[in-house]
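*Asks:*
In structure tokens, the structure reads:
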């Protein structure tokens, strides 16, 4: 490395130290471009110029068995750098997009992917992850010359593969697809930088300067104005039909058995997983309903996640990251006792999230759930209602019964006073994220047994309906 | 679930709530036993009786691609429950041990595995993870009857596989191996409980009572008396040979090139990974040496880890857990800028770890490193010396040079005063964990350039030596 980079290195180290100290944002550098343009060299340069201890580089190849068992997008989102650090993606989600763009046939899958990337990068920007995207470019002639030079040098010949030559032969097509990709995903908060790469020295200087600029410039995240919507207040639901004597046990057993078999069926385990979300007022019966859902399931293939306060590692990442971590592998189920909907419920009502944060969550959640469903995950969401009278009765009962005592906290009683605010938040949530692909089921919870049967019925129906559909291309 | 369990459930929920509140220990329940004995039913029972939101069950099957890419033991250790929670292992490391015990030929691999398990469980106990081990037992006749009954019932027939029958045919041999396994790994802090499983009801009551007992009894971790050893003080090393003019650049380039090629060779990427550890006095030149090690490496296949204060999630786990997380996949390298040796260096000297904690770390680290090496990891450790005069000179230089300023902290200056204590701790560390499989290289650091060459030479030699050995059975 030449001495000419020394001044740049000093400035980069200073800027990196500031990023670390402030720890209020992260920098994600995405490296893309044609073969032979020196993507690997650029990544090595970054490690050389920066403090490599706080840079984490991921080279993404074909997805591994474990990566394939979960929605593919998660392998990227899981690795978004924590605030205060720098991440480098090499062979990123843009490589997946390019592969789609190069497929024959209609471009709808490619365009869908580009739209998804736009949404994801907007979310990242709002979460204070600056995305710096570099596309290393060579003309057809330059690429040929460069690959030949690499192949001639005994020190680098091993780096030139047959695949590189095959890709070089497609130079024109690749350039066309890359142009569309760049055009469609260029945004002020996540701009593309196309870098002529024929001269390694000027390429490297350009990259170093762009990284310095990204570290020094505070990019204002895109402001997403809150779309105010008139949302009708939640009308009380009509009570569920009264159960006849003995009806509960029999139907419960039958539904539990059916669910257990569905979740061990080949149709499910080969292509699907289940995410079931339970939200609702305190004491609406979420816990009891969840117990009936899991009662006959094989404990090795599901887990119940109770959403608690985020940990340090989670707080350093975008809001949804801590839920991503819990999403099941194919053939498994995760049951959420409260969920990401906390953002637009408790965090909104209690003021833990700023309005800008919870207001954009509607869209972010929608995007995430659509992507889950597209990857084969069955997403079923429940909102359990409970009348104020029945809620009070249950709180009083909890205070009396020893082993239920631990379920009653002061917070429960405080939250009760804010009931109208919670109902208003729930109304907006139900109106806005009750998507066709991940419907919200509202269940009257005053009659516990009837509510449990209703939950199980809807869950079984959702899984059965999905398994009847043609298999998704996962 | 019958009402007779209601009282037990109350007691279990109370005990579990206490475990959560205290968060000072974890319970790991290991389920083992013969096919048809109801291991799955017992796990489901636990989820039913406990608050399933704080129980995490892992069913371990054949290792996945990603699990195989790292030392196999890590898939268990990664999943040790955090303090305050309960973990259930189904098909645990005991299933691996049983498989080894059932292999034909000599029993040395089996016995090695059992010895390893003893050490791991002693470490877990010391880290306040109570291990409750359940072996569900059936006589040959009972097993046959039970499998036939399951196969007859249309609701359960699908659960009986051809493999179950094959295993049932080996009942006698399996029993013998299990007896040896139980005998060899039964310990006061991690006792085996052999449970007759022919009667499901009494099996379930027994399991529930054992779990309750484990939650309620505070098991004193095994006290491991510190073995005092006379350790000679660290004598200053003779300085490295002075480099001739121009010698540095040429040899550095040649060594970097050699290392880069070694780490991309088929011999390495197919069966090995590299863990390089850098320890040493402040300003001994660890950072500079690391930069020279990584200079020509492909950034996608290594990472530099700087050991910082543990996070919440890490503090809730055994000490070594946060390092396990960083161990590389096959074909990759992790370079540690400080490491688990902090336990017997800074944590010992500064009193962050109690004597009992750092004293047992010598053995724990030794076990971990041996297991890494056995799994194909190449472990190379460096201790960089620096004379007090040279150290002071470097501190003063750092204070002057702007981009080095951020490397100098008050802590550095304070640590300097404790030099004799650090040297004493280092002397004991070097004497005790300089194993044949993972040697510690002590490098005189006063001459930076000579030290960097020496580090690279030793690293290259260690990798080359390992690649010449016959491949391990990973």
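Residue numbers (this note's numbering), protein chains in the order written: chain C, 731 to 1204; chain H, 731 to 1204.
Every residue, glycine too, gets a C-beta built ideally from N, C-alpha and C.
Quick caveat, the model's predicted, so the values are computed rather than measured.
For the alpha helix (DSSP H) containing residue 1097(C), name the first residue and the last one.
*Replies:* The count along the first chain starts at 1 and reaches residue 1097(C) at position 367. Counting along the chain, the alpha helix (DSSP H) containing residue 1097(C) begins and ends at 1085-1104.
*Asks:* Per DSSP, what kind of secondary structure is residue 1036(H) in: helix, strand or coil?
*Replies:* Translated into positions along the second chain, residue 1036(H) becomes position 306. Note: residue 1036(H) maps to strand in three-state DSSP.
*Asks:* Below 8 Å between beta carbons is the criterion; list the residues of the stretch 757-776 of chain H that meet it against any residue of chain C, in chain order.
*Replies:* Taking 8 Å as the Cβ-Cβ cut-off against chain C, the residues of the stretch 757-776 of chain H that qualify are 770, 773, 774 and 776.
*Asks:* Which residues does DSSP pair with residue 1111(H) in a beta bridge?
*Replies:* As a position in the second chain, residue 1111(H) is number 381, starting the count at 1. 1007(H) and 1170(H).
*Asks:* Going by alpha carbons, who is nearest to residue 763(C) out of 843(C), 869(C) and 816(C)?
*Replies:* Here residue 763(C) refers to the residue found at position 33 of the first chain. Ranking the options by Cα distance to residue 763(C), first place goes to 869(C).
*Asks:* In the DSSP assignment, what residue or residues form a beta bridge with residue 763(C)?
*Replies:* Locating residue 763(C) in the first chain gives position 33, counting from the first residue. Residue 763(C) is bridged to 866(C).
*Asks:* At what residue ranges does the stretch 760-812 of chain H contain a whole run of the alpha helix (DSSP H), taking only runs of 4 or more?
*Replies:* Qualifying alpha helix (DSSP H) stretches, in chain order: 769-779, 795-798 and 803-807.
*Asks:* Going along chain C, which residues have a C-beta under 8 Å from residue 826(H)?
*Replies:* What you label residue 826(H) is simply residue 96 of the second chain in a count that begins at 1. Within 8 Å Cβ-Cβ: nothing; residue 826(H) doesn't reach chain C, min ~17 Å.
*Asks:* Near residue 846(H), what residues of its chain come up, given a Cβ to Cβ distance below 8 Å and the 5 sequence neighbours on each side ignored?
*Replies:* In the second chain, the residue the question calls residue 846(H) occupies position 116. The answer, listed in chain order, is 803, 1097 and 1101.
*Asks:* Under 8 Å by Cβ, that's how I've got residue 833(H) and residue 930(H) pegged, so tell me the actual separation to the nearest angstrom.
*Replies:* Reading the second chain from its first residue, position 103 is the one you call residue 833(H). Reading the second chain from its first residue, position 200 is the one you call residue 930(H). About 32 Å separates the two Cβ atoms, so there is no contact after all.
*Asks:* Spell out whether any CB of chain C is found under 8 Å from the CB atom of residue 1140(H).
*Replies:* Within the second chain, the letter at position 410 stands for residue 1140(H). It does not; no Cβ of chain C falls within 8 Å.
*Asks:* Could you check where the alpha helix (DSSP H) with residue 996(C) kicks off and where it finishes?
*Replies:* Position 266 of the first chain, counted from the first residue, corresponds to residue 996(C). Looking at the DSSP string, the run of the alpha helix (DSSP H) that includes residue 996(C) is 996-1001.
*Asks:* Start and end of the alpha helix (DSSP H) containing residue 1079(H)?
*Replies:* In the second chain, residue 1079(H) corresponds to position 349, counting from 1. Counting along the chain, the alpha helix (DSSP H) containing residue 1079(H) begins and ends at 1076-1079.
*Asks:* What residues match up with residue 925(H) in a beta bridge as DSSP calls it?
*Replies:* If you number the second chain from 1, residue 925(H) lands on position 195. Answer is 866(H), bridged to residue 925(H).
*Asks:* Can you check whether the CB of residue 830(H) is closer than 8 Å to the CB of residue 1051(H)?
*Replies:* For this step, residue 1051(H) is matched to residue 321 along the second chain. For this step, residue 830(H) is matched to residue 100 along the second chain. In this structure, residue 830(H) does not lie closer than 8 Å to residue 1051(H) by Cβ.
*Asks:* Under a Cβ-count criterion, where at least 16 other Cβ atoms within 10 Å of its own Cβ denotes burial, should residue 1022(C) be classed as buried or exposed?
*Replies:* On the first chain, position 292 is the one that residue 1022(C) refers to. Result: buried.
*Asks:* Closest to residue 1142(H) by C-alpha separation, out of 1008(H), 1122(H) and 913(H), would be which residue?
*Replies:* What you label residue 1142(H) is simply residue 412 of the second chain in a count that begins at 1. Closest option to residue 1142(H), Cα to Cα, is 1122(H).
*Asks:* Give the residues of chain C in contact with residue 794(H), contact being defined as C-beta atoms less than 7 Å apart.
*Replies:* In the second chain, counting from the first residue as 1, residue 794(H) sits at position 64. Result: 795 and 796.
*Asks:* Here's the rule I'm using: 16 or more other beta-carbon atoms within 10 Å means buried, otherwise exposed. How should residue 781(H) be labelled?
*Replies:* Here the question's residue 781(H) lines up with position 51 in the second chain. Label assigned to residue 781(H): buried.
*Asks:* Please look up how many angstroms separate the CB atoms of residue 773(C) and residue 1029(H), rounded, as I've assumed it's under 8 Å.
*Replies:* Sequence index remark: in the first chain, residue 773(C) carries index 43 (1-based). Sequence index remark: in the second chain, residue 1029(H) carries index 299 (1-based). Indeed they touch by this definition, with Cβ atoms about 4 Å apart.
*Asks:* Given a threshold of 16 other Cβ atoms within 10 Å of its Cβ, counted over all protein chains shown, does residue 1014(H) qualify as buried or as exposed?
*Replies:* As a working mapping, residue 1014(H) is identified with position 284 in the second chain. By the 10 Å Cβ count, residue 1014(H) comes out buried.
*Asks:* Return the residues of the stretch 1041-1069 of chain C that lie within a Cβ-Cβ distance of less than 7 Å from chain H, sorted by chain order.
*Replies:* Within the stretch 1041-1069 of chain C, the qualifying residues are 1041, 1042, 1043 and 1067.
*Asks:* List, in order along the chain, the chain H residues whose C-beta lies closer than 7 Å to that of residue 1034(C)?
*Replies:* Position 304 of the first chain, counting from 1, holds the residue named residue 1034(C). Residues of chain H passing the Cβ test: 782 and 783.
*Asks:* Taking CB distances under 8 Å as the criterion, tell me whether residue 1124(H) reaches chain C.
*Replies:* The count along the second chain starts at 1 and reaches residue 1124(H) at position 394. Closer than 8 Å: no.
*Asks:* Roughly how many angstroms lie between the CA atoms of residue 941(H) and residue 1038(H), to the nearest whole one?
*Replies:* What you label residue 941(H) is simply residue 211 of the second chain in a count that begins at 1. What you label residue 1038(H) is simply residue 308 of the second chain in a count that begins at 1. Distance between the alpha carbons of residue 941(H) and residue 1038(H): 36 Å.
*Asks:* Could you tell me which uninterrupted beta strand (DSSP E) segments, each at least 3 residues in length, are contained entirely in the stretch 807-892 of chain C, listed from first to last along the chain?
*Replies:* If we require 3 residues or more, the beta strand (DSSP E) runs fully inside the stretch 807-892 of chain C come out as 816-820 and 859-867.
*Asks:* Given a cut-off of 8 Å, decide if residue 880(C) and residue 886(C) are closer than it, judged by their beta-carbon atoms.
*Replies:* Residue mapping note: residue 886(C) aligns to position 156 of the first chain, counting from 1. Residue mapping note: residue 880(C) aligns to position 150 of the first chain, counting from 1. Yes, Cβ-Cβ distance for residue 886(C) and residue 880(C) is below 8 Å.
*Asks:* Could you please give the first and the last residue of the uninterrupted alpha helix (DSSP H) stretch that includes residue 1125(C)?
*Replies:* As a working note, residue 1125(C) is residue 395 in the first chain. It spans 1118-1130 - the alpha helix (DSSP H) in which residue 1125(C) sits, taken as one unbroken run.
*Asks:* Assess, as a yes-or-no matter, whether the stretch 894-906 of chain H is touched by the stretch 920-936 of chain H under the definition of 3 or more beta carbon pairs within less than 8 Å.
*Replies:* Segments in contact, no.
*Asks:* What residues of chain C sit near residue 987(H), judged by a beta carbon separation below 8 Å?
*Replies:* Residue 987(H) sits at position 257 when you count from the first residue of the second chain. Those within 8 Å of residue 987(H) in chain C are 885.
*Asks:* What residues match up with residue 912(C) in a beta bridge as DSSP calls it?
*Replies:* For the purposes of this step, residue 912(C) is identified with residue 182 of the first chain, where counting begins at 1. For residue 912(C), which the question treats as bridged, DSSP gives no partner whatsoever.
*Asks:* Interface residues of chain C around residue 1182(H) at Cβ under 7 Å?
*Replies:* Here the question's residue 1182(H) lines up with position 452 in the second chain. Chain C residues near residue 1182(H): none, gap ~15 Å exceeds 7 Å.
*Asks:* For residue 758(H), does the three-state DSSP call read helix, strand or coil?
*Replies:* Here residue 758(H) refers to the residue found at position 28 when the second chain is read from its first residue. Residue 758(H) falls in the strand class under three-state DSSP.
*Asks:* Quick check on residue 1155(H) - is its C-beta less than 8 Å from some C-beta in chain C?
*Replies:* In the second chain, counting from the first residue as 1, residue 1155(H) sits at position 425. No - not a single Cβ of chain C is within 8 Å of the one on residue 1155(H).
*Asks:* The beta strand (DSSP E) spanning residue 1063(C) covers which residue range?
*Replies:* Position 333 of the first chain, counted from the first residue, corresponds to residue 1063(C). Start and end: 1063-1067.
*Asks:* Which of the three DSSP states is assigned to residue 1013(H) in this structure?
*Replies:* In the second chain, counting from the first residue as 1, residue 1013(H) sits at position 283. Coil.
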